[in-house]
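S.K.:
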Amino acid sequence: MDVSQYLEIFIDETKEHLQSLSDQLMILEQEPENMDTINEIFRAAHSLKGMAGTMGYKRMQRLTHDMENVFQEIRSGNMTVKPELVDVLFRGLDALEKYLASILETSDEGTEDNEEIINTLNAIANGETGAKQQDEPAAAQIQNAVEEVSAASEGAKYTGITITDYEKNTFEKAKSQNQNIFGITVYLQETCILKAARAFLVFKALEELGEVIKAVPDVQDIEDEKFELDFSLVYFTKESIEKVKAAIENVSEVKEAVVGPFEASEKIQEMEKKQEAEAAKSEDKSETPKPAATQQTAAKVAEKLSDAKPAAKKAAKPAVGRTVRVDIEKLDVLMNLVSELIIAKNGLVSISSNDSETKNEAGFNEQIEYLESVTTNLHESVMKVRMVPIESVVNRFPRMIRDLSKKLGKKMELHMTGEETELDRTVIDEIGDPLQHLLRNSADHGLESNEERIALGKPEVGNIYLDAYQDGNNVNIEVRDDGAGINVDKVRNKAIEKGTITPEQAENMTDKEIIDLLFRPSFSTAEQITDVSGRGVGLDVVKTKIEGLGGNIECKSVIGEGSSFIIRLPLTLAIIQALMVELGTEKYAIPLGNIQTIEDVLVSDIKHVQTKEVINLRGSVIPLIRLDQILDIEPSNPDAENLTVVIVNKGDKLAGLVVDNLIGQQEIVIKSIGNYINCSKMIGGATILGDGEIALILEVNTLV
Amino acid sequence: MAMENMNDVQNIEVASEGKQYIVVKIGTEQYGIDIKYVDNIVRNQRITRVPKAQHYFKGVINLRGEIIPVMSLRLKFGLEPDEYTNATRIIIIKLEPQSAIGIIVDEVKEVVTLGEESIEKPSATDPTDTMIQYLSGVGKHGDGLISLLNISAVIVGKERELA
Chain A
1 MDVSQYLEIF IDETKEHLQS LSDQLMILEQ EPENMDTINE IFRAAHSLKG MAGTMGYKRM
61 QRLTHDMENV FQEIRSGNMT VKPELVDVLF RGLDALEKYL ASILETSDEG TEDNEEIINT
121 LNAIANGETG AKQQDEPAAA QIQNAVEEVS AASEGAKYTG ITITDYEKNT FEKAKSQNQN
181 IFGITVYLQE TCILKAARAF LVFKALEELG EVIKAVPDVQ DIEDEKFELD FSLVYFTKES
241 IEKVKAAIEN VSEVKEAVVG PFEASEKIQE MEKKQEAEAA KSEDKSETPK PAATQQTAAK
301 VAEKLSDAKP AAKKAAKPAV GRTVRVDIEK LDVLMNLVSE LIIAKNGLVS ISSNDSETKN
361 EAGFNEQIEY LESVTTNLHE SVMKVRMVPI ESVVNRFPRM IRDLSKKLGK KMELHMTGEE
421 TELDRTVIDE IGDPLQHLLR NSADHGLESN EERIALGKPE VGNIYLDAYQ DGNNVNIEVR
481 DDGAGINVDK VRNKAIEKGT ITPEQAENMT DKEIIDLLFR PSFSTAEQIT DVSGRGVGLD
541 VVKTKIEGLG GNIECKSVIG EGSSFIIRLP LTLAIIQALM VELGTEKYAI PLGNIQTIED
601 VLVSDIKHVQ TKEVINLRGS VIPLIRLDQI LDIEPSNPDA ENLTVVIVNK GDKLAGLVVD
661 NLIGQQEIVI KSIGNYINCS KMIGGATILG DGEIALILEV NTLV
Chain B
705 MAMENMNDVQ NIEVASEGKQ YIVVKIGTEQ YGIDIKYVDN IVRNQRITRV PKAQHYFKGV
765 INLRGEIIPV MSLRLKFGLE PDEYTNATRI IIIKLEPQSA IGIIVDEVKE VVTLGEESIE
825 KPSATDPTDT MIQYLSGVGK HGDGLISLLN ISAVIVGKER ELA
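Those protein sequences? They're chains A and B, same order as listed. According to our numbering, the first sequence is numbered sequentially starting from 1. According to our numbering, the second sequence is numbered sequentially starting from 705.
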């Protein structure tokens with residue numbers, strides 16, 4: 001079945017299920033007895049298994065199947081939730097996420113079997129419920145593995161079928177009745193649609209000639225179409241191989257039937273040995289996390305498998321595009337606005353076809369006003385569609401803090417508020433890493449150790465807060481901890497030592513200015529982490545990223561009470577306020593957020609420092625950038641005595657852009673100019689002006 | 705005999721299933737562009753220069769609200785700069801759904817269908833001729849020859865340097 005059309009839905013839903021699994025597991029770790037949570041996890045694991053199965057992702061299905069088994073045991077009261085179990089389950093989740101990532105990239109799940117996790121899961125499940133059950137999954141595993149290997153090597157998959165004791169008896173009986181025992185593998189045509197129906201016809205044909213003893217996958221699965229294009233059978237008959245083969249291939253849409261004598265006895269012995277060894281081991285130490293024998297066989301099998309099938313080639317581009325899930329209400333609003341737009345257009349049409357001159361003027365203006373209000377609303381609604389709750393980024397953090405807490409041996413809790421705050425999709429995609437960075441910083445360096453906290457009279461468990469809230473046209477995200485805070489003196493000394501600032505400068509700097517030094521690149525090398533009270537790991541990277549998104553970051557800290565980092569982000573990136581300027585005959589846009597002031601500068605006031613032009617503006621020396629030179633534009637008026645200079649800033653750094661003319665402030669829609677043109681990053685994009693003309697947007701961050 | 709006839713029939717079928725190419729003129733030569741990459745053909749329009757771009761990029765155009773970079777094939781192929789006439793067209797190519805690019809041609813002539821048998825692989829008679837990197841073959845149509853462009857090589861490949 002072609003399932004590629006469902007891939008996007010599969011990925012979306014898998015993400016949701018994985019997230020819910022992760023959330024619920026966190027709860028479960030706190031409240032191991034919570035039956036609702038256990039049920040919830042079971043349901044999520046179950047749906048995940050079903051979905052993976054439908055999509056043909058076998059490895060994913062197997063892993064979720066084993067996770068589901070464990071929860072089945074917990075649900076039925078056969079075992080209890082233990083910390084080790086939660087750890088293994090989290091590892092299982094990570095493995096599933098890896099599968100998903102691989103599917104996202106290549107639409108293939110990859111070849112990692114995660115045997116170790118599966119074995120550990122099974123060991124836990126069996127260790128709890130008694131050794132008796134252990135040999136069953138283990139045998140099943142070997143069976144699976146043997147099957148897969150033989151599948152990879154040849155067409156006669158039936159050689160991989162294993163036989164139970166009960167079936168062994170029937171074999172003997174059949175032999176005594178002079179029946180032939182055949183193994184059969186039936187391959188259906190790839191175009192076959194009703195696979196189950198074809199399989200049914202095959203079964204029916206066979207039953208006329210003899211008896212089907214065993215089927216892999218089992219009969220129920222075949223009926224439910226839970227198999228690829230082939231299935232294998234063990235079959236008793238008095239007829240010849242040729243006749244059986246002919247009977248099967250008589251069924252339409254059967255590609256091929258491989259029939260051969262089924263060598264049962266050897267196999268049975270071999271399997272028995274393994275099972276005994278397995279059982280012996282598990283009885284010895286029923287709590288062993290990893291049945292060694294199984295693991296070894298499995299490892300060997302895995303080796304063979306990877307030899308047999310070279311890893312799938314990686315496709316160059318992701319299999320799935322980026323999507324936004326949209327609330328149906330938002331779409332309804334859009335739909336309404338579009339119909340209003342049509343009405344407005346019709347209004348204009350009727351006016352233009354109307355002859356009476358006098359009425360026209362007023363009616364026309366009315367319609368324009370109507371049109372304007374519709375387009376404004378439309379704009380707002382479309383922007384809303386692009387907005388995604390920040391939840392999709394932050395909901396992985398509780399898990400991260402949990403892991404960090406274990407790794408660092410500190411007790412800590414993450415408190416999040418405002419997960420429903422919405423941001424533009426482009427911002428959401430980018431904001432995850434910086435936030436993660438800040439949280440790690442807080443956990444690792446911000447919070448004191450538990451002992452220190454007790455000694456200081458603070459509660460033992462450290463607190464980290466992640467608060468998101470809207471503030472006017474911005475969204476603020478605050479990462480806060482109640483740890484030691486930043487030791488300003490240490491930072492000051494370090495900065496002097498590093499040569500970042502002189503001792504005299506240090507004297508005059510406020511605490512805030514000192515803390516801002518942490519965002520300088522020179523403070524971000526690893527060896528300084530321990531020196532500077534543990535702050536400043538890659539904060540410059542965080543700052544650059546946030547500024548790249550058009551936002552800014554600041555840090556507040558009180559010694560002994562903790563520190564907080566506040567990120568301020570624009571609500572949306574796609575539409576900005578910009579100053580339109582003219583250079584020669586060309587028009588450019590400068591984002592208003594970067595502009596400090598606009599100055600008239602006399603040419604005679606320009607000074608030269610190291611052959612660079614600078615101006616002295618109210619005490620600060622600002623380098624001048626001649627845009628016409630940088631952008632290869634003919635200077636329109638080289639002898640002008642007065643220059644119009646737009647003072648822009650990148651962080652604390654100022655620069656003056658020399659322009660020919662100011663056009664005015666305008667709201668512009670940012671459009672990409674594509675990847676083909678290479679323009680040294682000076683152009684951040686383009687926008688279309690009212691008359692259809694294109695104006696390029698200057699990227700101030702690269703110019704300064 | 706019967707077998708040979710069969711083969712003939714098959715050949716004809718293959719020919720009728722050949723690929724369609726848009727034939728354009730650049731300078732004195734005819735080039736063919738596989739029609740499956742062509743999204744649109746528009747008249748020459750105002751091109752906004754992009755500073756510091758590769759010199760064969762003339763700039764960007766506004767095509768119904770989309771910003772599309774425009775490349776001069778003449779400059780890329782190391783020919784004389786474009787002279788804009790009434791026949792000048794911009795062919796909008798989409799290699800991938802999200803990124804369109806325009807190429808300037810002197811004239812769009814016709815659409816032809818070429819079967820496998822009328823296409824020859826390009827043969828490098830002159831090893832210094834760097835033009836070959838942009839071609840996927842040479843098609844025969846009527847009396848004329850059409851150089852078939854390997855469009856992804858043209859768009860992504862390096863500029864041709866004249867020996």
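C-beta atoms are modelled at their ideal positions from N, C-alpha and C, and glycine is treated no differently. Source: prediction; values computed, not measured.
(1) Contact defined as beta carbons within less than 8 Å: I believe S614 of chain A pairs with L624 of chain A. What is the distance between those atoms, to the nearest angstrom?
(2) Closest Cβ-Cβ distance between D660 of chain A and chain B: below 8 Å?
(3) When the Cα of I74 of chain A is compared with those of A:V645, A:T237, A:F42, which residue comes out closest?
(4) Three Cβ pairs or more, each shorter than 8 Å: is that satisfied between the segment 56 to 63 of chain A and the segment 101 to 118 of chain A?
(5) Helix, strand or coil: which one does DSSP assign to M35 of chain A?
(6) May I ask you to report which of helix, strand or coil DSSP gives G656 of chain A?
(7) Could you have a look at I697 of chain A and say whether DSSP puts it in helix, strand or coil?
(8) Flag A316 of chain A as yes if its beta-carbon sits less than 8 Å from any beta-carbon of chain B, otherwise no.
(9) Under the three-state reduction of DSSP, which class applies to H845 of chain B: helix, strand or coil?
(10) What span of residues does the beta strand (DSSP E) with F182 of chain A cover, start to end?
(11) Given this structure, state the Cα-to-Cα distance separating D429 of chain A from F71 of chain A, to the nearest angstrom.
(12) Three or more C-beta pairs closer than 8 Å, one from the segment 558 to 575 of chain A and one from the segment 462 to 479 of chain A: is that the case here?
(13) Three-state secondary structure (DSSP) at R91 of chain A?
(14) What does a CB cutoff of less than 8 Å around A280 of chain A pick up in its chain, not counting 5 residues either side in sequence?
(15) Can you give the Cα-Cα distance for K314 of chain A and L853 of chain B, rounded to whole angstroms?
(16) Is it true that the CB of R793 of chain B sits closer than 8 Å to the CB of G731 of chain B?
(17) Just how far apart, CA to CA, sit I342 of chain A and L334 of chain A?
(18) From the DSSP output, in three-state form, read off V394 of chain A for me.
(19) Please state whether the Cβ-Cβ distance between G846 of chain B and Q734 of chain B is less than 8 Å.
(20) Select from the segment 751 to 762 of chain B all residues with a C-beta closer than 8 Å to any C-beta belonging to chain A, and list them in chain order.
(21) Whole angstroms are fine: how far does the CA of E172 of chain A sit from the CA of E136 of chain A?
(22) Can you confirm whether the segment 418 to 436 of chain A touches the segment 449 to 457 of chain A when touching is taken to mean that 3 or more C-beta pairs between the two stretches lie within less than 8 Å?
(23) Can you list the residues of chain B that K545 of chain A reaches, using a CB-CB cut of under 9 Å?
(24) Got a sec: which bits of the segment 670 to 681 of chain A sit with their beta carbon under 9 Å from any beta carbon on chain B, in order along the chain?
(25) Identify the residues that DSSP records as bridge partners of T719 of chain A: which are they?
(26) Can the beta-carbon of M835 of chain B be found closer than 8 Å to that of I805 of chain B?
(27) Indicate whether at least one CB of chain A lies closer than 8 Å to the CB of G769 of chain B.
(28) Please list the residues of the segment 790 to 824 of chain B that have a C-beta atom closer than 9 Å to any C-beta atom in chain A, keeping them in chain order.
(29) Consider the Cβ of V727 of chain B: report whether some Cβ of chain A lies at a distance smaller than 8 Å.
(30) Between A:T585, A:P434, A:L439, which lies nearest to L404 of chain A when the distance is taken from Cα to Cα?
(31) For the segment 605 to 634 of chain A, enumerate the residues whose C-beta is nearer than 7 Å to any C-beta of chain B, in chain order.
(32) Consult DSSP for F761 of chain B and reduce its assignment to one of helix, strand or coil.
(33) Quick check on the burial criterion: 16 or more other C-beta atoms within 10 angstroms. Buried or exposed for N441 of chain A?
(34) Given a threshold of 16 other Cβ atoms within 10 Å of its Cβ, counted over all protein chains shown, does V609 of chain A qualify as buried or as exposed?
(35) Taking its Cβ as the centre, do 16 or more other Cβ atoms sit within 10 Å of G692 of chain A, making it buried, or is it exposed?
(36) From this set, A:D218, A:F203, A:I630, which residue's C-alpha is nearest K245 of chain A's C-alpha?
M.R.: According to the data block:
(1) Note on residue identity: the sequence assigns Val, not Ser, to residue 614 of chain A. Contact holds; Cβ gap of about 6 Å.
(2) no
(3) A:F42
(4) yes
(5) In the three-state reduction of the DSSP assignment, M35 of chain A falls in the helix class, which pools H, G and I.
(6) strand
(7) strand
(8) Per-residue confidence for A316 of chain A stands at a pLDDT of 43, beneath the threshold of 50, marking its modelled position as unreliable; the derived number appears in the next sentence. For A316 of chain A, the answer is no, since every Cβ of chain B falls outside 8 Å of its Cβ.
(9) strand
(10) 180 to 188
(11) 34 Å
(12) yes
(13) R91 of chain A: helix per DSSP, three-state reduction.
(14) Low local confidence applies: a pLDDT of 49 at A280 of chain A is under 50, so the model's placement there is unreliable, and no value is given.
(15) Caution applies to K314 of chain A, whose pLDDT of 39 falls short of 50 and renders its modelled position unreliable; the model cannot decide the point.
(16) no
(17) 12 Å
(18) When DSSP states are grouped into helix, strand and coil, V394 of chain A belongs to the helix group.
(19) no
(20) Residues T752, R753, V754, P755, K756, A757, Q758, F761.
(21) In this predicted model, E136 of chain A has a pLDDT of only 43, less than 50, meaning its place in the structure is not dependable; the value taken from the coordinates is given anyway. About 23 Å.
(22) no
(23) Result: empty, since nearest Cβ-Cβ is about 24 Å, beyond 9 Å.
(24) Answer in chain order: K671, S672, I673, G674, N675, Y676, I677, N678, C679, S680.
(25) Outside the modelled stretch of chain A, which goes from 1 to 704, sits residue 719 of chain A, for which no answer is possible.
(26) no
(27) yes
(28) E800, P801, Q802, S803, A804, I805
(29) no
(30) A:L439
(31) L631, D632
(32) strand
(33) buried
(34) exposed
(35) exposed
(36) A:F203
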